[in-house]
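Remarks on the structure that follows.
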Amino acid sequence: MPGLVVFGRRWAIGSDDFVLPGAFELFVRLVWWIGILVLYTVRKGQFNCPGGGLLHSYLLGLLILLASIICALSALVYISMQGTISNPGPRKSLPKILYTRLFLYFPEFIWAVVGVVWVSDNSVQCEKTVINGVIWTVIASWIIIVFTVIGVVIVFDPLGGKKTFYLPEGVSRNLESSQSGQLLYNVKSSATRVWEKRIRLLCCCIVQDDDHRVAFTSIAELFRNYFSETDLVPSDIAAGLILLHQEQDKMENCPKEPEEVLCHSPSSLVTDDLDVELENAAHYMLFAAAAYGWPYYVYTNPYTALCKLNGDCCRNRPTDSDIMGSDHHNFHFGSILKITGLQYRDFIHISFHNKIYEIPFFVALDHKKEAIVVAVRGTLSFEDILTDLSADCEDLTLEEVLENGFVHKGITQAANYIYQKLINDGILNQAFTIAPEYKLVVVGHSLGGGTASVLAIKLRNSFPTLRCYAFSPPGGLLSKPLADYSKHFIVSVIVGKDLVARLSLPNMEDLKRRIVRIVANCNRPKYQILLRGCWYEVFGGDPDDFPTELDGRSQDALSQPLLAEESLMVHRSPSYNALEEESHLNSPPQYPHLYLPGKIIHIVEECSSRRLCSSDIKYTARWSNETVFSSILISPKMITDHMPDVVLKALNSLSQEHGSCLSC
1 MPGLVVFGRR
11 WAIGSDDFVL
21 PGAFELFVRL
31 VWWIGILVLY
41 TVRKGQFNCP
51 GGGLLHSYLL
61 GLLILLASII
71 CALSALVYIS
81 MQGTISNPGP
91 RKSLPKILYT
101 RLFLYFPEFI
111 WAVVGVVWVS
121 DNSVQCEKTV
131 INGVIWTVIA
141 SWIIIVFTVI
151 GVVIVFDPLG
161 GKKTFYLPEG
171 VSRNLESSQS
181 GQLLYNVKSS
191 ATRVWEKRIR
201 LLCCCIVQDD
211 DHRVAFTSIA
221 ELFRNYFSET
231 DLVPSDIAAG
241 LILLHQEQDK
251 MENCPKEPEE
261 VLCHSPSSLV
271 TDDLDVELEN
281 AAHYMLFAAA
291 AYGWPYYVYT
301 NPYTALCKLN
311 GDCCRNRPTD
321 SDIMGSDHHN
331 FHFGSILKIT
341 GLQYRDFIHI
351 SFHNKIYEIP
361 FFVALDHKKE
371 AIVVAVRGTL
381 SFEDILTDLS
391 ADCEDLTLEE
401 VLENGFVHKG
411 ITQAANYIYQ
421 KLINDGILNQ
431 AFTIAPEYKL
441 VVVGHSLGGG
451 TASVLAIKLR
461 NSFPTLRCYA
471 FSPPGGLLSK
481 PLADYSKHFI
491 VSVIVGKDLV
501 ARLSLPNMED
511 LKRRIVRIVA
521 NCNRPKYQIL
531 LRGCWYEVFG
541 GDPDDFPTEL
551 DGRSQDALSQ
561 PLLAEESLMV
571 HRSPSYNALE
581 EESHLNSPPQ
591 YPHLYLPGKI
601 IHIVEECSSR
611 RLCSSDIKYT
621 ARWSNETVFS
631 SILISPKMIT
641 DHMPDVVLKA
651 LNSLSQEHGS
661 CLSC
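Everything in the sequence shown is counted per the UniProt record's numbering, starting at 1 for the first residue and increasing by one.
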């Protein structure tokens, strides 16, 4: 950090990123050089065989070439170890060393070609040991060359050669000036096109229509806005996440004030209906998990699922009028039957149709709870990911209830699709004709939880007794008025440090600011942060107390960004008010705050374990509020806590514990 500039362009690698890969290559080269030296020494004077003269010259030249490369690598690693992440000054001579190292690839390539020619020469009659040694040398040379080319492709920055990426000194930094505005417009257009090409490449296997093209452009602009304002390389982000995780763990280990313990005590937050809601949530989570179909069933029953599904593939086959979308061999429907324990006659409608903004769902009769359940599937395809990432805001107005509400665009369009199916196609009318006394319950996990929440809001006026259970829904979903309105009929269930429940555009902006601040203020080299962080994540221990430039600063000074932080901002975005005076780290966000839906049940482990999996985990649950999820927490469990099987396990554990307490 900042990105290394060589050959007149910026690359997605820092000048301090050569320590670990350089040390690994240095080790390989040393072993290689020693092996060639031993071969040359042992066979010295025995090159009288046909082709031996060329072999002698090849080995001698290879020894000299490897020695030169080892010297260049040693200098490269040593210089890359100097300074800190935000202080590249001690590494200013690194580009010259890098040019030298890259120059040595030309004779290495020539020598690799010479080795291939010598090995392929049928007239060579030297000893088998010598020939095998040369063959392995040639193979090693080509492997290193290929991996170097792959590395160059990976760190290539398509925007690195754009001279307009930085404003020239002679150009006014006022965004209202025509020249500056045109430069920034060109940069933004180029960046958007680059991100759009990347997204199209990732989604090349799906059929693309107008909806996809609009989504690609919208998502590309989102990524451009987020990544174009800082001069961060991927390893800087990794180091920042490691530092944030350790800082977060240190804060959690600090003794809390008595008032703070009292305010966050479960006994002060859990109300009388918490146990009832937990029991209901554990029951309806089965429907939300079943919506994933056979992938979830196979994931949770890896040894027996396929055998059971194969045995039932020809039974209970639904008619064409009952099901939409493809379900090869009846695997999806068979999995839903096994997970929910329902019979075929209990299902009103099943849809496996999946496009962008159109996600699968099913409607079933739950006789145990006397409910008509609408279960919406979560993210399971590229189309679902595009729906997730369409994170712009969209207006949602409820007649006679609420005006000017904001919601997540992609999720709202998915909810509109299901709403049209339920109402216009008469699916709910059919269900209530069969069971008129049943209540309506909408459930879903992840993307399905967010879609279920918006769908429940749209259905609320027509079905006043409606209830919704959203499991691990996205954090950036509803504006504050809508979130408050939904508390009357929606319950959200969040486990631990779930990333998705905290994922919103303002929270991502906040995470970026936190990464920039902690990385800029750390006085340790990046390689030390990465090595210590990997050890901490794998083996645990006490969080490292990295010294920072914040130590010893006055409280007033802490509110002002350091020069290092300012240097990490590539250019000022129009989303901020001023160019000269406003700091990115202290300026207001450009995105409206969106919140989790409904009342929130937060489930946490009683004793957090550093192990990713443990058979003996105890959970506690309490009512929480949306402010608890206003910041992204870094943890090895931030992904696993979101998985549907983990949510179901936590709910079942709490439900069983409550049942055993009642029996006692």
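For each residue, glycine too, the CB sits at the ideal point set by N, CA and C. Small disclaimer: the values here were computed from a predicted structure and weren't measured.
Residue i CB to nearest heavy atom of the ligand FAD below 7 Å
i: L243; result: This structure lacks the ligand FAD; in fact it carries no ligand of any kind.
Cutoff 8 Å: residue i Cβ touching any chain D Cβ
i: F227; result: Looking for chain D here will not work: only one protein chain is present.
Closest residue to residue i among the options (Cα-Cα distance)
i: T41; options: C71, E437, K421 and L63; result: L63
i: L651; options: Y619, A23 and G476; result: Y619
i: A140; options: V153, V113, V152 and C126; result: V113
i: K355; options: K369, G378, G341 and D366; result: G378
i: residue 671; options: S462, D211 and V441; result: This structure leaves residue 671 out entirely; the chain is present only between 1 and 664.
i: D641; options: E605, I242, S504 and G334; result: E605
i: R345; options: I323, V155, Y419 and L60; result: I323
i: V276; options: K369, R224, L26 and I359; result: K369
i: N424; options: E394, L594, A23 and L459; result: L459
i: N416; options: D395, V454, T397 and G444; result: V454
i: V116; options: T129, Y595, E25 and I135; result: I135
i: Y595; options: L396, S479 and S57; result: S479
i: F109; options: N253, V138 and P88; result: V138
Span separating the alpha-carbon of residue i from that of residue j
i: L66; j: F147; result: 17 Å
i: N521; j: L222; result: 28 Å
i: F361; j: I237; result: 37 Å
i: A483; j: G448; result: 17 Å
i: A290; j: D510; result: 35 Å
i: H408; j: I385; result: 14 Å
i: G476; j: F227; result: 19 Å
i: I336; j: L440; result: 19 Å
i: I518; j: V19; result: 21 Å
i: T100; j: A72; result: 7 Å
i: P644; j: L654; result: 16 Å
i: A305; j: Y297; result: 7 Å
i: E581; j: E25; result: With a pLDDT of only 37 at E581, under 50, the local geometry of the prediction cannot be trusted, and no value is derived from it.
i: G22; j: N523; result: 22 Å
i: Y357; j: E394; result: 14 Å
i: K308; j: F331; result: 10 Å
i: A391; j: A281; result: 27 Å
i: N429; j: A435; result: 10 Å
With 16 other Cβ atoms within 10 Å as the buried cut-off, status of residue i
i: P464; result: exposed
i: S189; result: exposed
i: S177; result: In this prediction, S177 scores a pLDDT of 48, lower than 50, which makes its location untrustworthy; the coordinate-derived value is nonetheless stated afterwards. Exposed, since its Cβ has fewer than 16 Cβ neighbours within 10 Å.
i: Q413; result: buried
i: N461; result: exposed
i: Q420; result: exposed
i: V5; result: exposed
i: Q656; result: exposed
i: L648; result: buried
i: K96; result: exposed
i: L499; result: buried
i: F446; result: For the sequence presented, residue 446 should be read as Ser rather than Phe. Buried, by the Cβ-count rule.
i: F489; result: buried
Whether residue i touches residue j by CB criterion (8 Å)
i: L633; j: K497; result: yes
i: S80; j: D157; result: no
i: L244; j: R514; result: yes
i: V491; j: Y469; result: yes
i: A501; j: S472; result: yes
i: L159; j: A191; result: yes
i: V363; j: I348; result: yes
i: V493; j: I411; result: no
i: Y438; j: L365; result: yes
i: I457; j: S486; result: yes
i: A239; j: I85; result: yes
i: I372; j: F333; result: no
i: I350; j: V376; result: no
i: T230; j: E196; result: no
i: G161; j: L39; result: no
i: I242; j: L422; result: no
i: C126; j: L60; result: no
Within the segment 464 to 534, note down every full alpha helix (DSSP H) run reaching 4 residues or more, in order along the chain.
-> Taking only runs of at least 4 residues, the alpha helix (DSSP H) segments lying wholly in the segment 464 to 534 are 480 to 486 and 505 to 521.
Segments assigned alpha helix (DSSP H), at least 4 residues, entirely inside the segment 357 to 414 | If we require 4 residues or more, the alpha helix (DSSP H) runs fully inside the segment 357 to 414 come out as 382 to 389.
Uninterrupted alpha helix (DSSP H) stretches inside the segment 417 to 465 (no shorter than 4 residues) = Those alpha helix (DSSP H) runs which fall completely within the segment 417 to 465 and span 4+ residues are 427 to 434 and 447 to 459.
Runs of alpha helix (DSSP H) wholly within the segment 194 to 265 (minimum 4 residues, chain order) = Runs found: 210 to 227, 234 to 253 and 258 to 263.
What are the start and end residues of each continuous alpha helix (DSSP H) run of 4 or more residues lying completely inside the segment 32 to 97, in chain order?
-> Within the segment 32 to 97, the complete alpha helix (DSSP H) runs of at least 4 residues are 52 to 80.
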